[in-house]
Amino acid sequence: MNIYEQQASNRRATYFFVALMMLLLGAVGFGFDLFFGGLEVPGLTYGDGAIFRTAEPLRPGQTPQPGNSVPYFTIIAVAAGGLLTLNSIFNGPKMILSSVMARPADPNDPQDRVFLNVLEEMSIASGLPMPKAYVIPDPDPNAFATGFSPDKSYVAVTEGLVSTLNREELQAVVAHEMAHVSNLDIRLMTMVAALGGAIVLLSDWAGRSVRFRRSRDDRGGGGAVFIIWILLVILAPILTRLLAMAISRRREYLADATGAEFTRNPLALASALEKLEQASEPTRTVNRGLAHMCIVDPSGSYFEAKENFAGEMFSTHPPIQKRIEALKTMAYQRSA
Amino acid sequence: MTIAIIVGVLIVGALALIFTFNSLVGLRNQVLNAFRQIDVQLKRRYDLIPNLVNSVKGEMKFEQETLERVVKARAAAVSANQSGNIADMGKKEGELSMALGRLMMLTENYPNLKANDSVKSLMEELTNTENKVAFSRQFYNDLATKFNTKQQVFPTNMVAGMMGFKPSDLFEIPAEQAAQREAPKVEL
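Chains as they are written, first to last, in our numbering: chain Z, 1097 to 1432; chain P, 103 to 290.
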């Protein structure tokens, strides 16, 4: 895959992700309509707000309550999804940066200055516009890139990264982030973080409000549909997270390779990754919802170290040792 | 019918020609732009060097020769840059890089300089500029290679030949400098 195909694939994946999230929101909203809003759906409901009445018919003397025909909750949920999407596009990177308390790099501070210089070098090597540089006040070394397009991108590193790594290693890490920018991974990952994060919050909230469901005697259960819906609400955050993990894992190897192409120095990234692995302290300022964006898993994850199926399934990143091996192979091929 | 087919073939041919020509022009302009970017970085390096030499001159009294070599190499590089010959530029810039590398290595022997904040930040700026020069060259070389390959492969080569596109020169490290770069001489 060349860079244009990679970008196109990321654009497609972003559309797909947004569509999936809309569908999820729509389904959750529709469930609210069915179970709480008294929505009438021909063939599914019985004209009195009950669905799938299998047990008893209306008791004598009971008047059927008319339901409504407008799926208010579905409309609200999808509209909210649209607003969230717009918000993620225009505000996502800023939200992500402020959630980790990042500050703009200060050109007068010697340490920040090195980071700024290295970033400028990599923007030259990649032929991309200079991203905005941000520093996260956290002693654990980590880094991520965000933004919606290479013209407006952001690269953030922790203070720990700049102080732990030497100049070449820092350059390699920044090159890895620039690779995410140039492949347009940032668009998808920002979307996953901003929109996915919002959906997780929403479905948490929906899951909680289900417990306050008023049970009306005169309504039918709609058992199977209700159970599926509840499962959807409960599983939505997990599914979103699994999706984010799958999306991110595949892209890390590629970003490593592209980054090494910018610096022509795969070994620097290999030794940077080794240092990052040794610093196994979790990056506390970076919360779980941003894990897929970082160069190494900020949680110091238990799964990441494992090379078995669970490790592959439940981590946002491939095992660091595998990445280092790939980079060393690259260096060997270059020197041969 | 036959006329329609002939016209169709001509139109497709003309479109292919236009497309190939335009993509070559686009690539040529990218190469030119990448070349200008190298220039920007080189100018920055020329401006930084006198500052560096001035700030270490006092401490490094015994390294007059090294300092002079840097100053001379800078002057040679500036004049090569004005002449615009890529091969000559590459050679002179390479010499300047080596002279600077030696100077930076020698500053390691001077604890006063190493501790001096302004020298430290100058060193960082110089490393930065050296890297920028190297990376902008790398970027230029990649683009120029792409441009040259495109001119040489079939069927673009026919259009490129007809329209007078010329292959771009690449920056190369001259052989004797490459050998020296592999094994830097350390005199203690």
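Don't be surprised by glycine CBs; every beta carbon is placed ideally from N, CA and C.
Residues of chain Z with a Cβ closer than 8 angstroms to the Cβ of lysine 234 (chain P) are, in chain order, Glu1216, Glu1217 and Ile1220. With fewer than 16 other CB atoms across the displayed protein chains lying within 10 angstroms of its CB, methionine 103 (chain P) is exposed.
Sixteen is the threshold: when 16 or more other Cβ atoms of the shown chains lie within 10 Å of the Cβ of serine 1278 (chain Z), as they do, the residue is buried.
Taking the CA atoms as reference points, leucine 1179 (chain Z) sits about 46 angstroms from leucine 119 (chain P). With contact defined as three or more Cβ pairs closer than 8 angstroms, the segment 1164-1179 of chain Z and the segment 1356-1364 of chain Z are not in contact. Serine 238 (chain P) places its beta carbon less than 8 angstroms from that of glutamine 139 (chain P).
Residue state for isoleucine 1391 (chain Z) is assigned as coil, using DSSP reduced to three classes. In this structure, phenylalanine 1240 (chain Z) and cysteine 1390 (chain Z) form a Cβ contact; the two beta carbons are roughly 5 angstroms apart against a cut-off of 8 angstroms.
If the five residues before and after leucine 1193 (chain Z) are omitted, its C-beta is found closer than 8 angstroms to the C-beta atoms of Tyr1230, Thr1242, Tyr1250 and Ala1252, all from its own chain and listed in chain order. As the crow flies, the alpha-carbon of asparagine 124 (chain P) is around 57 angstroms from that of proline 213 (chain P). Considered as a whole, the segment 1150-1235 of chain Z harbours 1168-1195 and 1206-1222 as its complete alpha helix (DSSP H) runs of no fewer than 4 residues, in chain order. When Z:Gln1102, Z:Arg1107, Z:Gly1188 and Z:Gly1122 are compared, the shortest CA-CA separation from glycine 1293 (chain Z) is found for Z:Gly1188.
Looking at the backbone, the Cα of phenylalanine 241 (chain P) and that of isoleucine 1232 (chain Z) are separated by about 30 angstroms. Residue contact with chain P for glycine 1223 (chain Z): present (Cβ-Cβ distance below 8 angstroms to some residue of chain P).
Using a Cβ-Cβ cut-off of 9 angstroms, serine 223 (chain P) is close to Pro1206 and Arg1209 of chain Z, given in chain order. Contact of asparagine 1213 (chain Z) with chain P by beta-carbon distance below 7 angstroms involves Glu226 and Asn230. Bounds of the alpha helix (DSSP H) holding alanine 262 (chain P) are 258-265.
Apart from the 5 residues on each side of it in sequence, valine 180 (chain P) sits with its Cβ closer than 7 angstroms to the Cβ of Tyr148 in its chain, given in chain order. The alpha-carbon separation between threonine 1354 (chain Z) and isoleucine 1326 (chain Z) amounts to approximately 43 angstroms. With distances taken between CA atoms, threonine 1379 (chain Z) lies nearest to Z:Pro1235 out of Z:Pro1235, Z:Ala1109 and Z:Phe1113. Among the CB atoms of chain Z, one or more fall inside 8 angstroms of the CB of glutamine 139 (chain P).
The C-alpha of tyrosine 1428 (chain Z) lies about 10 angstroms from the C-alpha of alanine 1422 (chain Z). In the DSSP assignment, threonine 1254 (chain Z) falls within the unbroken beta strand (DSSP E) covering 1248-1254.
Assignment of phenylalanine 1240 (chain Z) by DSSP, reduced to helix, strand and coil, places it in the strand class.
The C-beta distance from histidine 1276 (chain Z) to methionine 1341 (chain Z) rounds to 16 angstroms, too long to fall under 8 angstroms, and the pair is not in contact.
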